[in-house]
Amino acid sequence: MLFPKGKEFFERIDLIAQNVLESAKALQDFIANSPTSAAKLKVLEDKEHEGDRLTHDVIELLNKTFITPLDREDIHELVSAMDDILDYIFGSADRMVLYKIPYISDEFKALSRVLVRTAEEVAKAALRLKDLKNSQMILAQCIEINRMENEADEAHRHAVAMLFEKEKDPVNIIKIKEILDHMETATDRCEDVANVIESIVLKNA
Amino acid sequence: MLFPKGKEFFERIDLIAQNVLESAKALQDFIANSPTSAAKLKVLEDKEHEGDRLTHDVIELLNKTFITPLDREDIHELVSAMDDILDYIFGSADRMVLYKIPYISDEFKALSRVLVRTAEEVAKAALRLKDLKNSQMILAQCIEINRMENEADEAHRHAVAMLFEKEKDPVNIIKIKEILDHMETATDRCEDVANVIESIVLKNA
Amino acid sequence: MLFPKGKEFFERIDLIAQNVLESAKALQDFIANSPTSAAKLKVLEDKEHEGDRLTHDVIELLNKTFITPLDREDIHELVSAMDDILDYIFGSADRMVLYKIPYISDEFKALSRVLVRTAEEVAKAALRLKDLKNSQMILAQCIEINRMENEADEAHRHAVAMLFEKEKDPVNIIKIKEILDHMETATDRCEDVANVIESIVLKNA
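Chains as they are written, first to last, in this note's numbering: chain G, 179 to 383; chain F, 179 to 383; chain X, 179 to 383.
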């Protein structure tokens with residue numbers, strides 16, 4: 179490691195990515211079991227707050243570190259982009275409770291599974307970032323995130339088509355569609371992280 | 179000031195931030211008093227056009243200035259991000275008229291108050307940018323914007339839950355929810371400005 | 179051309195912009211004629227895949243080229259921003275089929291016409307990028323994109339007002355409004371491209 183604080187930065191980036199992955203798994207658990215469970219929602223809220231704290235710590239570390247392993251603004255953009263995923267994960271569960279949605283459809287379950295798998299790919303890409311010289315491998319990992327995002331998009335399209343097919347109450351449609359859209363935006367935010375990582379790799383190629 | 183045009187750039191950034199704050203106040207006024215008043219909507223439209231003009235002037239100045247106090251692309255990103263707030267402020271009022279919404283709920287008023295307070299914090303952060311050495315203070319100001327955005331998020335969640343509770347007409351729900359979402363996006367855009375400012379501070383730390 | 183691969187990069191940027199323009203025209207054709215035609219939807223899907231391939235090729239070329247005519251991260255941001263337009267163009271047509279929308283309104287046609295004209299301005303701006311010294315002309319072209327985006331915004335506002343006026347079925351409103359919003363987001367993404375181009379011009383001024 180060429181930079182005195184290099185290891186610390188990459189460890190923190192990894193921690194943030196792991197928190198995103200755990201949050202996606204907590205959402206899958208929340209949906210699979212008991213969507214109105216206040217205790218399980220609390221798990222997701224705690225992970226979101228943990229994400230805010232971790233992101234803030236990186237910003238503080240950036241501000242007081244003289245030499246950083248990547249450009250400061252790039253590390254900032256990366257951790258901010260990962261933090262954005264968390265907001266949409268928590269927001270999806272939160273709205274299920276807040277809107278008092280009448281039932282949990284299979285489509286919610288399908289979307290939450292794709293989200294977990296996308297978050298796994300994000301965590302792998304974040305971990306590989308410390309090995310910048312291996313640009314081909316990191317870029318391949320970003321393509322994998324894009325592929326997962328396309329899968330999420332397909333799952334979302336199917337979910338919304340099913341919703342219009344099966345649900346006839348307009349207010350239920352409004353509520354459920356917003357949550358489906360929110361879950362799909364969470365995977366869109368994963369793709370944004372892939373974009374930031376690609377940009378970092380190319381800049382340092 | 180080390181740069182010949184430094185003072186001028188910071189004055190213009192400040193002007194744009196003040197225009198955002200005035201626009202947020204005009205929206206609060208619009209909502210508090212007479213939502214269908216064409217005259218008050220005109221005030222908001224004028225402020226949006228003023229914002230476009232101010233942003234365009236900064237781009238022109240950037241293009242003809244040799245040395246700038248911050249990287250050109252950063253000043254461009256900052257003024258563009260502030261301009262985005264204006265679009266959502268005007269868009270919220272505009273939709274109230276265009277959609278002929280049936281009533282102004284207390285939730286609109288609550289959200290517009292939080293938006294004014296968030297815009298006040300944005301204006302403070304923009305003003306402090308000229309004192310880049312004082313990075314701690316500027317970053318603390320950005321945290322304040324994030325805190326206000328969380329408050330807006332809470333107000334928005336409450337507003338949408340109330341809407342589903344009280345309003346039973348689906349078309350009214352669609353109209354009012356979009357405006358509530360639009361107002362919340364305006365505070366999201368304030369957070370984007372905080373992100374740009376953080377990035378500038380860290381890059382120059 | 180000062181850079182060995184300069185010509186190749188600008189040719190590829192131009193190809194991507196042309197693909198966006200053709201995609202906008204294919205959407206206009208799709209809407210004008212037979213919205214449920216699987217064959218015409220396939221044209222749009224092919225163009226989206228072609229866009230993914232072209233974008234990916236540029237990333238590969240960036241990763242293996244030593245000296246690039248613009249900063250690598252800027253070329254990456256530009257082609258990613260252009261690719262985003264494609265997603266919203268295809269997504270608009272795709273949803274018309276998927277949601278089984280009951281009719282094609284004149285408002286869809288009007289919005290698709292403005293989108294084609296905006297994409298034409300994007301293609302012109304992308305083409306001019308190779309002549310970076312002529313910054314005034316490129317910036318003027320970006321203002322033209324912004325002007326078109328304002329026109330699209332007007333067309334969208336009118337379309338949504340008409341929808342609330344004429345359509346009384348809430349589920350139809352939900353479906354049609356989302357597609358109108360999607361088409362308007364496609365022109366928003368054109369404005370994002372203008373923003374990236376402005377930023378590149380100013381950075382290199």
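Note that the Cβ used here is the ideal one computed from N, Cα and C, for glycine as well.
Check the Cβ-Cβ distances between X/Asn312 and every residue of chain F, and say whether any is below 8 Å. For the purposes of this step, residue 312 of chain X is taken as the residue at position 134 of the third sequence. So, not an interface residue.
Cβ pair count under 8 Å reaching 3, the stretch 361-381 of chain F against the stretch 249-267 of chain F: Inter-segment contact for the stretch 361-381 of chain F and the stretch 249-267 of chain F is present: three or more beta-carbon pairs are separated by less than 8 Å.
Extent of the continuous alpha helix (DSSP H) run through F/Phe187: Taking the first residue of the second sequence as position 1, residue 187 of chain F is located at position 9. First-last of the alpha helix (DSSP H) with F/Phe187: Gly184 to Asn211.
Taking 8 Å as the cut-off, does the stretch 267-278 of chain G touch the stretch 212-225 of chain G (at least 3 CB pairs, one atom from each stretch)? yes
Can you tell which of G/Asp261, G/Ser215, G/Ile279 and G/Arg306 has its C-alpha closest to the C-alpha of G/Asp366? As a first step, residue 366 of chain G must be located in the first sequence, where it is residue number 188. Comparing Cα positions, the closest option is G/Asp261.
Of all Cβ atoms in chain G, is any one closer than 8 Å to the Cβ of F/Ile263? Counted from its first residue, the second sequence places residue 263 of chain F at position 85. Judged by the 8 Å Cβ criterion, F/Ile263 is not in contact with chain G.
Proximity test, Cβ basis, 8 Å: G/Asn241 and chain F: Here residue 241 of chain G corresponds to residue number 63 of the first sequence, with the count starting at 1. Yes, contact with chain F.
Relative to chain G, which residues along the stretch 326-349 of chain X have a C-beta separation below 7 Å, given in chain order? Pro348 and Val349
Just to confirm, are G/Val379 and G/Met326 a CB contact at a threshold of 8 Å? Looking up residue 379 of chain G in the first sequence gives position 201. Looking up residue 326 of chain G in the first sequence gives position 148. With a cutoff of 8 Å on beta-carbon distance, G/Val379 and G/Met326 are scored as not near each other.
Would the stretch 192-199 of chain X and the stretch 349-365 of chain F be scored as touching if the rule is three or more Cβ pairs under 8 Å? Verdict: no, contact absent.
Just by C-beta distance, which residues in the stretch 266-277 of chain G are closer than 9 Å to chain F? Gly269, Asp272, Arg273, Leu276 and Tyr277
Taking only three categories from DSSP, how would you classify F/Thr363? Translated into positions along the second sequence, residue 363 of chain F becomes position 185. When secondary structure is reduced to three states using DSSP, F/Thr363 falls in the helix class.
Residue-chain proximity (X/Leu317, chain F), Cβ-Cβ < 8 Å: Counted from its first residue, the third sequence places residue 317 of chain X at position 139. Output row for X/Leu317: interface = yes.
Which residues bound the alpha helix (DSSP H) around X/Ser138? In the structure displayed, chain X extends from 179 to 383; residue 138 of chain X sits before or after that span and is not available.
Please confirm whether F/Tyr266 and F/His360 have their CB atoms less than 8 Å apart. Numbered from 1 along the second sequence, position 88 holds the residue referred to as residue 266 of chain F. Numbered from 1 along the second sequence, position 182 holds the residue referred to as residue 360 of chain F. It is a contact, given that the beta carbons lie within the stated cut-off.
Helix, strand or coil for F/Leu307 per DSSP? Stepping through the second sequence from its first residue, residue 307 of chain F is reached at position 129. DSSP places F/Leu307 in coil when its eight states are reduced to three.
Determine the direct distance from the alpha carbon of X/Asn324 to that of X/Val330, and round the result to whole angstroms. Here the question's residue 330 of chain X lines up with position 152 in the third sequence. Here the question's residue 324 of chain X lines up with position 146 in the third sequence. Checking the sequence shown, residue 330 of chain X turns out to be Ala, not Val. Distance between the alpha carbons of X/Ala330 and X/Asn324: 10 Å.
Measuring only the C-alpha atoms, how far is X/Ala333 from X/Ala288? As a first step, residue 333 of chain X is located in the third sequence; it is residue number 155 there, counting from the start. As a first step, residue 288 of chain X is located in the third sequence; it is residue number 110 there, counting from the start. The alpha-carbon atoms of X/Ala333 and X/Ala288 are separated by roughly 7 Å.
Residues in the stretch 226-251 of chain G having any Cβ partner in chain F nearer than 7 Å: The residues in question are Ile237, Leu240, Asn241, Arg250 and Glu251.
Closer than 9 Å at the beta carbon, the chain X residues around F/His254: Taking the first residue of the second sequence as position 1, residue 254 of chain F is located at position 76. Chain X residues near F/His254: Asn373, Glu376, Ser377, Leu380 and Lys381.
Rounded distance between the beta-carbons of G/Leu264 and G/Lys203, thought under 8 Å: In the first sequence, residue 203 of chain G corresponds to position 25, counting from 1. In the first sequence, residue 264 of chain G corresponds to position 86, counting from 1. With 8 Å as the limit, G/Lys203 and G/Leu264 do not qualify as a contact, their Cβ atoms being about 13 Å apart.
With distance defined between alpha-carbon atoms, name the residue in X/Ile321, X/Ile194, X/Lys346 and X/Asp347 nearest to X/Asp235. For the purposes of this step, residue 235 of chain X is taken as the residue at position 57 of the third sequence. Taking only the C-alpha atoms, the option nearest X/Asp235 is X/Ile194.
Could you give the DSSP three-state label for F/Thr214: helix, strand or coil? Translated into the one-based positions of the second sequence, residue 214 of chain F becomes position 36. F/Thr214 falls in the coil class under three-state DSSP.
Expressed to the nearest angstrom, what Euclidean distance is found between the alpha-carbon atoms of G/Phe187 and G/Ile375? Counted from its first residue, the first sequence places residue 187 of chain G at position 9. Counted from its first residue, the first sequence places residue 375 of chain G at position 197. Going by the C-alpha atoms only, they are around 15 Å apart.
Using a threshold of 8 Å, state whether the C-beta atoms of G/Glu228 and G/Phe268 are closer than that. The count along the first sequence starts at 1 and reaches residue 228 of chain G at position 50. The count along the first sequence starts at 1 and reaches residue 268 of chain G at position 90. Cβ atoms of G/Glu228 and G/Phe268: not closer than 8 Å.
Would you say G/Ile393 reaches chain X, if we count a Cβ-Cβ gap shorter than 8 Å as a contact? Any answer about residue 393 of chain G is impossible in this case: the structure gives chain G only from 179 up to 383.
Counting contacts by CB-CB distance shorter than 8 Å, is X/Ile352 in contact with chain F? Counted from its first residue, the third sequence places residue 352 of chain X at position 174. So, interface residue.
Where the alpha helix (DSSP H) containing X/Ala333 begins and where it ends: Sequence index remark: in the third sequence, residue 333 of chain X carries index 155 (1-based). Start and end: Ser313 to Lys344.
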